[in-house]
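Okay, structure first, notes after.
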Amino acid sequence: IRSYTTLLHAYARACNYNKAISLFEEIKQKGLSPTLVTYNVMLDVYGRKGGRSWDKILSLLDEMRNNGLEVDEFTCSTVISACGRRGLLDEATKFFNQLKSRGYVPGIVTYNSLLQIYGKAGNYPLALSVFKELEENNCTPDSITYNEIVATYARAGFYEEGAKVLDSMATKGIMPNSITYTSVINAYGKAGKEDEALFLFHRMKKLGCVPNVCTYNTILGMLGKKSRSKEMLDILLEMKSNGCSPNRVTWNTVLAMCGKRGMEKFVGRVFEEMKNCGVGPDRDTFNTLIAAYGRCGSGAHALQIYDEMVKAGFSPCLTTYNALLNAIARKGDWGAAESVILDMRNNGFKPN
RNA sequence: AUCUCACUCCA
13 IRSYTTLLHA
23 YARACNYNKA
33 ISLFEEIKQK
43 GLSPTLVTYN
53 VMLDVYGRKG
63 GRSWDKILSL
73 LDEMRNNGLE
83 VDEFTCSTVI
93 SACGRRGLLD
103 EATKFFNQLK
113 SRGYVPGIVT
123 YNSLLQIYGK
133 AGNYPLALSV
143 FKELEENNCT
153 PDSITYNEIV
163 ATYARAGFYE
173 EGAKVLDSMA
183 TKGIMPNSIT
193 YTSVINAYGK
203 AGKEDEALFL
213 FHRMKKLGCV
223 PNVCTYNTIL
233 GMLGKKSRSK
243 EMLDILLEMK
253 SNGCSPNRVT
263 WNTVLAMCGK
273 RGMEKFVGRV
283 FEEMKNCGVG
293 PDRDTFNTLI
303 AAYGRCGSGA
313 HALQIYDEMV
323 KAGFSPCLTT
333 YNALLNAIAR
343 KGDWGAAESV
353 ILDMRNNGFK
363 PN
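Our numbering puts the last residue of the first sequence at 364; the count rises by one with no breaks.
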């Protein structure tokens, strides 16, 4: 069962969720008893798989209980994060309260997962209440807790609060890392405080904290919004000399900044360059391309990319359709817009 | 053998 569990985990990591699910069935048919870890892996599989797998998660939890298995920190955080991905905050709260009423004492990992889903959903008062509760229960916050608090403030637009926590972490014995800095830099950038963001970026480096690809992507995105392309090139060169390879998000970020009047030529060029560098497009890349062409005023290219996206085997999502409609609306082609709406409905999406 | 934090796309 250990070997099978390892294999299940490998499938999960590779996003081969259906393979994991069928292997899990096979395991049970062979008469092997899944362990707590096996169940935890499967909960994670259903948590990451799209569609309506929440019921499946509940039935797995039932099955675990029927087999006499007690949940642990892995189980709890996995289930809570699964709720978060689906926007099922109430379900997460219910699950958490049930845990406690059954006598489970939540540990820091469970608290962290709850804090992160509330924070990500923009409910920062609730997120902060989790922090309060964990401290009251003598649970010691760790670096992830602090990073989540900083990210929660940052997302809510409270960059000063975020920066304050960043500065005070060290006094609690927890050093800010590249994740902490990236959160606050991003908050400054989103608030139009480019100077503060760049200052913090320099400060982190001066303090010996090494920026990673996410940090660089954050800076690139911020500069891109302001069309500061010269500085973007400097950043890309700095990445290169620091041995930090651009990832798909880096390319998507650069593509997004090409969505400006008169920059239409660059969209296609950057996309080609991306592929030449061995970075394959994902669904976000196609959404970015559609939006970028729309901003360039080229609805025709946007429609072309949509076809390319479908041909490449990616399923359009609501964002895709909204971006496409936006692109088409710019040229006033209501006929094309109606057919996109139709297409959207046929694929099971409701306009929002 | 398993979990929780930051970066890109429409609005």
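Glycine included, each C-beta is placed from N, C-alpha and C at the ideal position.
The model shown is predicted, which means the values in this text are computed figures rather than measured ones.
Terminal residues of the alpha helix (DSSP H) in which residue i lies
{"i": "LYS238", "result": "It is not in any alpha helix (DSSP H) - LYS238 carries neither H nor E in the DSSP assignment."}
{"i": "PRO258", "result": "Looking at the DSSP string, PRO258 is not in any alpha helix (DSSP H), and its letter there is neither H nor E."}
{"i": "ALA199", "result": "190 to 202"}
{"i": "GLU320", "result": "311 to 323"}
{"i": "PHE211", "result": "206 to 218"}
{"i": "PHE143", "result": "136 to 148"}
{"i": "LEU126", "result": "120 to 132"}
{"i": "MET275", "result": "Neither: MET275 is in no alpha helix (DSSP H) and is coded neither H nor E."}
{"i": "CYS95", "result": "85 to 98"}
{"i": "LEU81", "result": "Per DSSP, LEU81 belongs to no alpha helix (DSSP H) and is neither H nor E."}
{"i": "LEU48", "result": "48 to 60"}
{"i": "ASN299", "result": "295 to 308"}
{"i": "PRO34", "result": "Note that residue 34 corresponds to Ser in the displayed sequence, not to Pro. Unbroken alpha helix (DSSP H) run through SER34: 29 to 41."}
{"i": "VAL352", "result": "346 to 358"}
Exposed unless 16 or more other CB atoms sit within 10 angstroms - verdict on residue i
{"i": "PHE211", "result": "exposed"}
{"i": "MET187", "result": "exposed"}
{"i": "VAL117", "result": "exposed"}
{"i": "ASP56", "result": "buried"}
{"i": "THR18", "result": "exposed"}
{"i": "PRO153", "result": "buried"}
{"i": "SER125", "result": "buried"}
{"i": "GLY71", "result": "Looking at the sequence shown, residue 71 is not Gly but Ser. By the 10 Å Cβ count, SER71 comes out exposed."}
{"i": "ALA22", "result": "exposed"}
{"i": "SER315", "result": "The identity of residue 315 in the sequence shown is Leu, whereas the question assumes Ser. Buried is the call here."}
{"i": "GLY174", "result": "buried"}
{"i": "LEU20", "result": "buried"}
{"i": "VAL222", "result": "exposed"}
Proximity to residue i [Cα-Cα], best of the options
{"i": "LYS61", "options": "THR90, VAL121 and ASP102", "result": "THR90"}
{"i": "THR183", "options": "VAL196, TYR158, LYS218 and ASN259", "result": "TYR158"}
{"i": "ILE69", "options": "LYS42, LEU100 and GLY43", "result": "LEU100"}
{"i": "LEU85", "options": "LEU73, ASP74 and VAL121", "result": "Leu is not the amino acid found at residue 85; the sequence shown has Glu there. The candidate whose alpha carbon is nearest that of GLU85 is VAL121."}
{"i": "ASN288", "options": "TYR305, ILE302, GLY115 and PRO258", "result": "PRO258"}
{"i": "ILE302", "options": "MET286, SER239, MET76 and ASN264", "result": "ASN264"}
{"i": "ALA24", "options": "ILE13, MET54, GLY115 and THR262", "result": "MET54"}
{"i": "ALA348", "options": "ALA312, ASN109 and PHE278", "result": "ALA312"}
{"i": "THR164", "options": "THR332, GLU208, GLY204 and THR194", "result": "THR194"}
{"i": "VAL225", "options": "THR262, SER253, SER45 and LEU249", "result": "THR262"}
{"i": "PHE298", "options": "CYS329, VAL83 and LYS205", "result": "CYS329"}
{"i": "ASN189", "options": "GLU172, LYS205 and LYS218", "result": "LYS218"}
{"i": "TYR29", "options": "GLY63, ARG14, LEU44 and ARG295", "result": "GLY63"}
{"i": "ASN79", "options": "GLU206, GLU243 and SER45", "result": "SER45"}
{"i": "SER180", "options": "SER155, TYR200, GLY43 and VAL49", "result": "SER155"}
{"i": "GLY344", "options": "GLY309, GLY169 and LEU354", "result": "GLY309"}
{"i": "ASN198", "options": "GLU243, MET234 and GLU285", "result": "MET234"}
{"i": "SER15", "options": "THR50, CYS27, MET356 and ALA26", "result": "THR50"}
{"i": "LEU146", "options": "THR300, GLY134, GLY169 and LYS112", "result": "LYS112"}
Cβ separation of residue i and residue j, assumed to be a contact under 8 Å, to the nearest whole Å
{"i": "VAL142", "j": "VAL162", "result": "With a Cβ gap of about 14 Å, VAL142 and VAL162 do not count as contacting."}
{"i": "ILE129", "j": "ALA166", "result": "Actually they do not touch by this definition, with Cβ atoms about 16 Å apart."}
{"i": "ALA268", "j": "GLY306", "result": "The Cβ separation is near 12 Å, so there is no contact."}
{"i": "LYS205", "j": "TYR171", "result": "7 Å"}
{"i": "ALA304", "j": "VAL266", "result": "Actually they are not in contact, since the Cβ atoms of ALA304 and VAL266 sit about 10 Å apart, beyond 8 Å."}
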